[in-house]
Structures are given as structure tokens and as C-alpha cells.
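Working notes, beginning with the structure itself.
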Amino acid sequence: MRPKIILTLLFVVIVQFCFGQNPEFKFYLAFEDSAGNKDTIWLGYDPSATLGIDTLFGEENIKGIPFNEPFEVRISNEWYFMPYDTLPNASDTFSYCSDGSLYHTKTQIYNFNPYSSGTSQIYINILCKNFPIIVRWGNSYNFLSDSLYATLLTNWFPGGWFDYPGTMYDQWPTFLRETDTTIFNVLPYRYIDANNDTISLLFFAFLSKEQLSIGIDQFIPQTKLIKIFPTISNGEFYIQTSATPLKIQVYNSIGIKILDNTIIYPETKIDLSNEKIGMYFIHLISENHTETVKVILTK
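Be aware that the sequence shown starts at 930, since it is given in my numbering, and climbs by one per residue.
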């Protein structure tokens, strides 16, 4: 009887080694550029995960392989990103650095502790020739639990999260519990890789409600500078703001810009009644604030 038990246990170990292990939590981020090119990465967490490459979870280091043109998305470890105002190539528009990552991968499972005071700053590396980029994650309900409540995605360098932007294109963080889609018109933090490709960066973090309450939310304004209503309409949307002048850009669900204008009045009507029904993204840029709001056009 004993040999059978040993053989059974050995078989289970071999199967897990060959086919990997399902983590405690895993979800996808699906990316699409304005030309329709698509790519997907997978993120998650598990108590047995490490900060490096875990083959048990299907992770593979592909850093030595050139990025696929014109569009590819990868995950990398966090590295020291020099402050943008000390870089020799820095400008008001973009911030450059060298690639300090140890690995690139399409799947990354982390050892995330929702009760820790630390945050998991995850770098997302993107080769993109056609902006803007739409990002989808399928289901915002996955992030309503206390342990994932403040999980976010942003083009804003981690050292400045919820503070004043470092560049004119830093975008207010998107909380994954609030929506299932966001759009990035520009990714201001980037580097030139060994193949002379320009790689842009997004930043992601698993954050719990407890981690939000112990310090991060003190930087979040209690009142928004910009209000858009209604979010579901047959064509007319209104913008109220005290942050004039305000640049407004409207994109359809596949990233095509359909409106580019400047608001100078406290209340402005946006008429999309001639557009097709569906989802639209209203991107608003003031002197020190950027916001993207998803609206639905019905008939």
C-alpha cells in the first residue's frame, strides 16, 4: 500500500511541475493601440510567489528577446527611476531613463500582503507606435474586496502618485474597482532599450483598503475639480469645472479621437448625438490636473 501512496504523491508533484500551479488570484490586462494591435499580460498574487521569476506559475524571463513591433506589452520588476528633473534628456513633456530591470515577462504573480504598509510598484513596459492605448481588465467587481480595493493603474511615476504631476501628461490614477476600461493618450516615462526601441512605462499596484487608509488617500482631493454628467445619455453631456481653461479630447471605444477642443466657461455642453452608440472616453487636461471619464452614448 505504501508504494502506491508514494507513487501517487510523486505523480501529483510531477503534474504540478509540468503544468504549473493556479495562484490565489489572477487577472488579465488587455491592451489595444489605435491601429487595432493587441496584447495581453497577466498579473496576480499568491503566498508562495517571489519577487523574481516563478516557473511554477508559468513565468518566463524574455528580456533577452527584442520587443515585437509595432506593439508589445511586458511586465518587469521595479527599478530605480531617476527623478525626471535631473535627467540629461528630460523635458516638460517626457522623462527618459535607462532600463534597470532584471527581467521581462508576460505573467507575474506576486507575494502581496494587503495588511502591509508597503506597496507593490509594478512596471509595465510597452512598445507602441500608435497612441492612444486602451486598457481593459474584464471585470471591475474583482477589485471591490477590501484586499484589492485601492488597486490602481497609472502613467504617473510611483514617486509622485497622488501628488502634483512630474510632467504635463501625468494622468490621475485609475482605480480598477471603479471601471473596467481606461485610455492613455501619452506615456511620459520611457527608456531606449538595447535595440534602440523607445519603451514607454505604465505603473500598477495591488493595494488594499487598509493600505489606502494608512496614508495614500491623504493626497486625494476631497472634491473633484471637474464634473461630467450624465454619464449615460442620448448625446448631450455637460462639463462643470473651475479649472478653466480646460483642454478636452473625446475618444471612441477603439481609441480614435473625435473631438479636440478647449473649454473656457464654467459649464459647457458636449454634443455627441451624431456619433454611433457605444462607449466614449472624455479626457480633460487642466494646468495641474488630468482626468479621463467613461460615458455611454445611447439612442
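Glycine included, each C-beta is placed from N, C-alpha and C at the ideal position.
For the pair residue 1121 and residue 994, the Cα-to-Cα distance works out to about 15 Å.
Contact between the stretch 997 to 1009 and the stretch 1050 to 1057 is present: three or more C-beta pairs spanning the two stretches fall below 8 Å. Residue burial is scored here from C-beta neighbours: residue 961 has at least 16 other C-beta atoms within 10 angstroms and is therefore classed as buried. Of the residues assessed, residue 952 falls on the buried side of the cut-off, its CB having 16 or more other CB atoms within 10 angstroms. Counted as a single uninterrupted DSSP element, the beta strand (DSSP E) harbouring residue 1134 occupies residues 1127 to 1134. Boundaries of the beta strand (DSSP E) around residue 1196: 1196 to 1200.
If you keep only unbroken alpha helix (DSSP H) runs of at least 4 residues inside the stretch 965 to 1039, you get nothing at all.
Here DSSP, grouped into helix, strand and coil, assigns residue 1156 to strand.
Taking the CA atoms as reference points, residue 1027 sits about 43 Å from residue 1204. Judged by DSSP in its simplified three-state form, residue 950 adopts coil rather than helix or strand.
With respect to residue 1136, residue 1081 sits close: the two C-beta atoms are nearer than 8 Å. Only residues of its own chain outside the window of five on either side were considered, and among them 1164 and 1165 have a CB closer than 7 Å to the CB of residue 1200, listed in chain order.
Taking residue 1160 as the centre and dropping the five residues before and after it, the same chain places the C-beta of 1224 closer than 6 Å to its C-beta, in chain order. DSSP places residue 1189 in the strand class (E or B) of the three-state scheme.
A straight line joining the alpha-carbon of residue 1195 with that of residue 1213 spans about 14 Å. In terms of Cα proximity to residue 1069, the closest of 1129, 997, 1038 and 1111 is 1111. By the criterion of a C-beta distance shorter than 7 Å, residue 1198 is surrounded in its chain by 1165 and 1167, once the five residues flanking it on both sides are discounted. DSSP places residue 1163 outside both helix and strand once states are collapsed to three, so it counts as coil. Annotation: residue 1106 is outside any beta strand (DSSP E) and is labelled neither H nor E by DSSP. From the listed residues 1123, 1066 and 1171, the smallest Cα separation to residue 1103 is found for 1066.
Rounded to the nearest whole angstrom, the C-alpha separation of residue 978 and residue 1208 is 37 Å.
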